[in-house]
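Participant: With the first letter of the sequence shown counted as 1, position 331 gets the number 1168 in our numbering; the numbers rise by one all the way through.
Glycine included, each C-beta is placed from N, C-alpha and C at the ideal position.
Got a structure here, written out as structure tokens. Questions coming.
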Amino acid sequence: MNTPLPAEEIVERALALSRAAHCDVIVDDTDAAWLRWAGDEVTANGASGVRRVTVISTGAGGGAAVSGTVDDPHDLEGLVRASEAPNDAPAAGAAAAPEPIRGDGAFESAELPEAAPAREQLSALVPEFVRAQRRSQGVLHGFAQHRTGTAWLGTSAGIRSRHRLGTSTLDLYARTPDGSRTAWAGAVADGFHGMDLPGLEAATTGRVQQPLPYRELPPGRYEVLLSPAAVADLMTAVYRAGGAADASEGRTVFARPGGSTRIGDTLAALPLNLRSDPREPGLECRPFLLSHGAVSDAFGDAVQAGADPADNGMPLPATYWMKDGVLTSLLASRADAARLGLPVRPAVGNLVLDGGTDRSLTEMIRTTRRALVINCLWYIRPTDAGTLTLTGLTRDGVHLVEDGHITAYVNDFRFAESPVSLLSRAVEAGRTERAPAREAGMTFPRTAMPPLRIPDFRFTTKAPSVDDGR
């Protein structure tokens, strides 16, 4: 059995083998462990360790992004040659791409942060799971995962960057034995030690065990209080739709007639900020751009996966996408920025919406005359790119608030709304807190959001409550 090559050696060997005008080499190591349980039974668990090498070649003769495993040093040359194959399609980082970003050809001397094996990270949480299960008397279910991702980037222009990041995610579900009531709460941190498991437990089992009546309500427009998790799903959709190139071509909600963008337009009625910062406390993420070209990002980072490989290694700055309610930036590679006359704005792996009050969702409920509280959203799909209208379902708990108190469980709904339109109609934003999205959090977990009050949220039809037997 061959001893695996160190990642730095793979990078240097691949670059030495390259005959392309420019070459990027990316080594991704992932170490993951997960656990799923329902009632008193573990229904799935496992661990995996994967290394993938991506080679991106560019040049006059063509080129491509090719990814694969390197179990033997001899495999590396085949991967490099495959990336250099003539190609009728535009080469990765096409001919008009700007000059590659240059570096000094050396990885930083500082050691990467130590990371305990993912299985060890997860096993430390198991006793807490057991105690929570006993307290909940079998109504609590869940999924926990820890993943450590380490990336090395080397380019023929001298860039040498590396980064390690651990991500622990926890989804807790409470479900009554008859399936009539469900609740969900999620958390993400750099380790399970940073999670408030008792708080998450109370947020789920506490909701389904409340002695409240059930009420059927018809579809229509209602005042709603969106939880931070629901807001996270909606704002992630806004972020992913924020490409400057697509907007300039009239394809998105951020387009202005005549081929320009809506940068400078007021989007939100409240003085809210939508921003990203790789050094945001509690939401730290990769501080340099890493694009795998046509190959999917090994860490599921759906925003950065579409970035331009010509920008690999670019430091990621703190960026305001919206400031005091005004659209200030759209995603733009160096090539797009030069073509459109806009600032370069690379994607960053986190997202924060802030600028509201210091009131929690619970405090907002206390001052509400009548509204629906939406715990989370699910099965969200776009229906109109020009307005960014989304459809989807409420899930795991819709509650009726009357005169400052939750008075009933309510049926689920299908909704049809544009999150950009919701920003323009929001009348209150509460305290921003770290909150992973219910759906988008699976691929983009580093989000912090406030609860939002929307006076006229549109529900199109009633939907059956989800009973998937978790």
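#1: From Ala857 to Glu914, what distance separates their C-alpha atoms?
#2: Please report the straight-line C-alpha distance between Arg1088 and Ala1078, rounded to a whole angstrom.
#3: Going along the chain, which residues of its own chain have a beta-carbon closer than 8 Å to the beta-carbon of Glu849, five neighbours each way excluded?
#4: Suppose you measure from the CA of Ala1277 to the CA of Gly1080; what does that come to, to the nearest Å?
#5: Taking DSSP as the reference, what is the three-state secondary structure of Pro971?
#6: To the nearest angstrom, report how far apart Thr867 and Pro935 are at their CA atoms.
#7: Just to confirm my understanding: we take Glu1121, look at its own chain, exclude 5 residues before and 5 after, and list those with CB closer than 7 Å. What are they?
#8: Rounded to whole angstroms, what's the CA-CA distance from Asp1161 to Arg888? Just pull it up for me.
#9: Classify Pro1288: buried if its beta carbon has 16 or more other beta carbons within 10 angstroms, exposed otherwise.
#10: Taking Cβ to Cβ, would you say Val917 is nearer than 7 Å to Leu842?
#11: Based on the DSSP output, what are the partners of Gln982 in its beta bridges?
#12: Let me know if Arg1271 comes out buried or exposed under the rule of 16 or more other beta-carbons within 10 Å of its beta-carbon.
#13: Is it the case that the segment 1279-1294 contacts the segment 1177-1193, given that we only count it when at least three CB pairs across the two stretches are under 8 Å?
#14: Does the distance from the C-beta atom of Leu852 to that of Ser993 stay below 7 Å?
#15: Identify the continuous beta strand (DSSP E) that holds Ser894 and give its terminal residues.
#16: In the segment 1214-1247, which residue ranges form an unbroken alpha helix (DSSP H) of at least 4 residues, counting only runs that do not cross its ends?
#17: Grab me the residues of Ala1011's own chain with a C-beta within less than 6 Å of its C-beta, minus the 5 sequence neighbours each way, in chain order.
#18: Excluding the 5 residues preceding and the 5 following His1129 in the sequence, name in chain order all residues of the same chain whose CB lies nearer than 8 Å to its CB.
#19: Hey, could you find the ends of the beta strand (DSSP E) Pro1292 is sitting in?
Facilitator: According to the structure shown:
#1: 13 Å
#2: 10 Å
#3: Same-chain partners within the cutoff: Gly991.
#4: 18 Å
#5: Looking at the sequence provided, one finds Arg at residue 971 rather than Pro. Looking at Arg971 - three-state DSSP - the assignment turns out to be helix.
#6: One C-alpha to the other measures close to 31 Å.
#7: Pro1115
#8: 43 Å
#9: With 16 or more Cβ atoms within 10 Å of its Cβ, Pro1288 is classed as buried.
#10: no
#11: Trp871, Thr1006
#12: buried
#13: The segment 1177-1193 is in contact with the segment 1279-1294.
#14: yes
#15: Start and end: 878-895.
#16: none
#17: In the same chain as Ala1011, and ignoring 5 residues on each side of it, the C-beta atoms closer than 6 Å to its own belong to Val976, Leu977, Ala1020, Thr1041, Thr1042, Val1045, in chain order.
#18: Ile863, Thr891, Ile893, Ala902, Ser904, Ala1135, Ala1142, Pro1146
#19: 1289-1300
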